[in-house]
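Numbering (my numbering), first residue to last: 874 to 1290.
Laid out in structure tokens, this is it:
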């Protein structure tokens, strides 16, 4: 499941990068050409990685800084109502929302909380030299990892705040007719080939990462368009290698497979590029961005399969010992996980109802039952197997060799399955 999420994430990175090149070149680079360019950038990251993880981290830091500056610039230019921004930060609500808005909300969960990043953040501790036999050193390292993650998540929050506020202020309650008229008057500096075909009606304009950049250019000038495209490009590039690292950690941890990063990149990107270049070559940009929205929803649906095992393992005292999750932490994580599952189930049910076709009802109902059963299985079997395995492992290993204890405990769980 996590591998599927990683491949889906890589497809999104390919889509975002292709759209960015398409916008920056004023349509001269076709979408399929932008997709093929993403093959090259991956090997550039592998080249950087040979010079050490710190240099790669510094490059990622540069890309994140570019995102913060570019999207922050858009935020200042659009100048949303700050009171409404604060209200939206702390009071979640959606007036007169339907299935389309629910799709965006579920996709937002998947876009921000990507399943594989949970394993990536956990596994980054392997890159630091810590005396794991010294409990004090481990606690100190955990404190610094917490600070590092908090800063990273806060910057991520600001970037998402900028993007959401820009979209909300610039596009909310604007009609297709308004967008068409404004963009028609700005054709002197923008290539007509990248203009989306807005229907000339009074329906609310629907925007995505491509049309959003176009309309920003129409309303606020070409600089806003190009800065938006640079931000998308930086976002796609910064996520490319994280997916590679996350996939490598998942394969090592769950399957005990150790692949080179080159093989890992080829594996993931092959699955990502083939369907994406097909859509880019034979369909239009609307289909490509629509595919991106569906991939966000896929990330949200797969999120429980990443969260539940981590929550289960880190809540087991025989495994974590002094670093086990506390009662409050367990409660909050269970609450959040339950909320994510409830949102996903509600979305699937409303999607089935909107199809209005009996055969679809039956087919998707089986998929839904399998999804619920698998989520329940993850929770139940992990606790059951660990409870039964603890008594077998304790007499053999004792408490003096924590690393052997951890290894054999996990190996026993794998043998049960």
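A virtual CB, placed ideally from N, CA and C, is assigned to each residue, including glycine. All values derive from a computational prediction rather than experimental measurement.
- Distances from the alpha-carbon of residue 890 to those of 1150, 969, 1072 and 946 put 1150 closest.
- Bounds of the alpha helix (DSSP H) holding residue 1033 are 1008-1044.
- Note that the region 1085-1092 touches the region 1030-1046; at least 3 beta-carbon pairs, one per stretch, sit closer than 8 Å.
- Of all alpha-carbon atoms in 1097, 931, 1101 and 1207, the one lying nearest the alpha-carbon of residue 1082 is that of 1101.
- Residue 911 carries a helical assignment under DSSP once its states are collapsed to helix, strand and coil.
- From the listed residues 1219, 1049, 1172 and 1217, the smallest Cα separation to residue 1075 is found for 1049.
- Around the CB of residue 934, fewer than 16 other CB atoms lie within 10 Å, so the residue is classed as exposed.
- Under the three-state reduction of DSSP output, residue 1048 falls in the strand class.
- For residue 1093, the enclosing alpha helix (DSSP H) has its first and last residue at 1082-1093.
- In this structure, residue 988 lies near residue 1172, with their beta-carbon atoms less than 8 Å apart.
- In terms of Cα proximity to residue 1199, the closest of 1209, 1210 and 1187 is 1187.
- When the alpha-carbon of residue 1052 is set against those of 1195, 1072 and 1035, the nearest one is in 1072.
- Looking at the DSSP output, residue 1077 shares a beta bridge with 1048.
- With a threshold of 16 other beta carbon atoms within 10 Å, residue 1006 falls short and is exposed.
- Considering only 908, 1036, 986 and 1121, the residue with the shortest C-alpha distance to residue 943 is 1036.
- Around residue 1238, the same chain offers no residue with a beta carbon nearer than 6 Å, after the five sequence neighbours per side are excluded.
- Put simply, of 1132, 1190 and 1112 the residue whose alpha carbon is nearest the alpha carbon of residue 885 is 1112.
- Residue environment for residue 1148: exposed (fewer than 16 other C-beta atoms within 10 angstroms of its C-beta).
- In the structure shown, residue 1143 falls within a helical segment according to DSSP collapsed to helix, strand and coil.
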